[in-house]
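In my numbering, the protein residues as written are 1 to 435.
C-beta: ideal position from N, C-alpha, C; glycine also.
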Ligand code: IMP
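What follows is the structure, encoded as structure tokens:
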């Protein structure tokens, strides 16, 4: 049985967690797989009166009996995942029985967080990426550099103390010129060993070979769901480089990060807000610097789950989403936060870009071109009605349906799901395959 996938189509924070939780509940999903990123991600899921904030753990953890896998493409901070686990266990969730972590995941160490602070200060390229400061980029850099990387399996190898000491010696040399960004404790090999040994003990019952587990699962036809973190425009290879994250956050990352061959990757849902947000640096063609942008931020509570930073807000960018729909091979679009734009008197959709006087529908590969974009908008009248109680497409106000039809035409993909509020129940399912 092919897997279902959920991919963010913008710069992250599209509310993918809600969709994963919903699909896990509806589609008889047996295993949810997280395959890239780390504690930079923040998924908020609301079920009834309960709000859950997750960073590493797939949102399938909230559905009884669903197994959740953290695959090799993820980078993990063991202290952070243990906090998440403790919070969920306190609320009655059987995390140890429902979670398997790959022994191949790369670990984030305190020195990665120090390096993130140093690089993010912006001195290297004169502009800050505005990272989440979770050590993600430096950890992936060590993974690809290989010699100074430590993986989950190394915690159980018997020579962890020696390994940490070697890496710390190296980091002392490479960070020597950045002492203002480094705290002594971040290079204290003995203390770090003690801390990580403790993490290792607590995580051990949940650690294993997820690649073998997933290959067995596909052999026996189990129903998989792949949960992307961040958004396609933050993809290291296909996003707005260098203002991206360090993993393949578009659909192209699924096989590489999970170890599941492409032939098992079936239906892909792309998640986009009815507007656009971005946190951190980098160009954002449809960004609003006016009162409308502030209104969207307030109505949508657009503040980061992981960092609490206010998100930059702007109109729906049809050029960008058309690009990421094609890149991700998206079958169905999930349009989120329809309740937010339903309160606006007028709504704009970016239908094309103008760069140096030339109109184009192509998303530029170079960030300097993206900086020069003048968005070309189509303006639709708002419908200014509360849609949070609507559960079918037919019940939506005409204006809202017109907006969704236009979005679908522009990006070249049918609308499968519309979210009209944070709760699992506040969802319109337009895709017959999901009913
Ligand atoms: P990093 O992933 O912490 O290295 O940050 C790189 C860029 O990706 C920054 O612009 C972050 O704000 C952005 N980013 C990373 N994770 C997320 C996320 O989950 N949602 C939105 N933006 C993110």
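- Query: For the ligand IMP, any of its heavy atoms closer than 7 angstroms to the Cβ of residue 131?
  - Reply: yes
- Task: Locate the beta strand (DSSP E) running through residue 139, then write down its first and last residues.
- Result: No beta strand (DSSP E) contains residue 139, which is instead part of the alpha helix (DSSP H) from 136–145.
- Is residue 371 closer than 8 angstroms to residue 242 when the C-beta atoms are compared? no
- Just tell me which of 238, 96, 173 has its CA closest to the CA of residue 115. 173
- Query: Between 410, 266, 99, 166, which lies nearest to residue 213 when the distance is taken from Cα to Cα?
  - Reply: 99
- Would the beta-carbon of residue 227 fall within 8 angstroms of that of residue 108? Between residue 227 and residue 108, the C-beta spacing is not below 8 angstroms.
- Tell me, which residues are paired with residue 68 by DSSP? 32, 99
- Message: Here's the rule I'm using: 16 or more other beta-carbon atoms within 10 Å means buried, otherwise exposed. How should residue 143 be labelled?
- Response: By the neighbour-count definition (other C-beta atoms within 10 Å, threshold 16), residue 143 is a buried residue.
- Query: How many whole angstroms separate the CB atoms of residue 315 and residue 362, which I take to be in contact at a CB cut-off of 8 angstroms?
  - Reply: Wrong, their Cβ atoms sit about 19 angstroms apart, outside the cutoff.
- Task: State the beta-bridge partners of residue 76 as determined by DSSP.
- Result: 107
- For residue 176, count neighbouring C-beta atoms within 10 Å of its own C-beta (all shown protein chains included) and say buried if the count is 16 or more, exposed if not. Per the 10 Å Cβ criterion, exposed.
- Query: In three-state terms, what does DSSP make of residue 441?
  - Reply: A question about residue 441 goes unanswered here, because the residues of the chain that appear run from 1 up to 435.
- Task: Note down the Cα distance separating residue 160 from residue 201, rounded to an integer number of angstroms.
- Result: 13 angstroms
- Message: Rounding to the nearest angstrom, what Cα-Cα distance links residue 334 and residue 356 in this structure?
- Response: 33 angstroms
- Drop a sphere of 10 angstroms on the beta-carbon of residue 433, count the other beta-carbons inside from all chains shown, and report buried for 16 or more, exposed for fewer. exposed
- By how many angstroms is the C-alpha of residue 169 removed from the C-alpha of residue 120? 23 angstroms
- Which term fits residue 389, buried or exposed, when burial requires 16 or more other beta carbons within 10 angstroms of its beta carbon? exposed
- CB residue 222 to CB residue 47, shorter than 8 angstroms? For the 8 angstroms CB-CB criterion, residue 222 and residue 47 do not form a contact.
- Express the C-alpha separation of residue 424 and residue 395 in angstroms, rounding to a whole number. 18 angstroms
- Query: In or out: residue 197 buried (at least 16 other Cβ within 10 Å) or exposed?
  - Reply: exposed
- Query: Taking three-plus beta-carbon pairs below 8 angstroms as touching, is the stretch 66–80 in contact with the stretch 202–210?
  - Reply: yes
- Query: Alpha carbon to alpha carbon, what distance is there between residue 309 and residue 339?
  - Reply: Approximately 22 angstroms between the Cα atoms of the pair.
- Message: Measuring alpha carbon to alpha carbon, tell me which residue in 42, 63, 110 is nearest residue 92.
- Response: Ranking the options by Cα distance to residue 92, first place goes to 63.
- Task: Ignore the nearest five residues each way along the sequence and tell me which others in residue 101's own chain have a CB closer than 6 angstroms to its CB.
- Result: Excluding sequence neighbours, residue 101 sits near 70, 206, 207.
- Cβ of residue 170 versus every heavy atom of the ligand IMP: is any distance shorter than 7 angstroms? Not a single heavy atom of the ligand IMP lies less than 7 angstroms from the C-beta of residue 170.
- Assign residue 230 to buried or exposed, taking buried as 16 or more other Cβ atoms, counted over all protein chains shown, within 10 Å of its Cβ. By the neighbour-count rule (16 or more Cβ atoms within 10 Å), residue 230 is buried.
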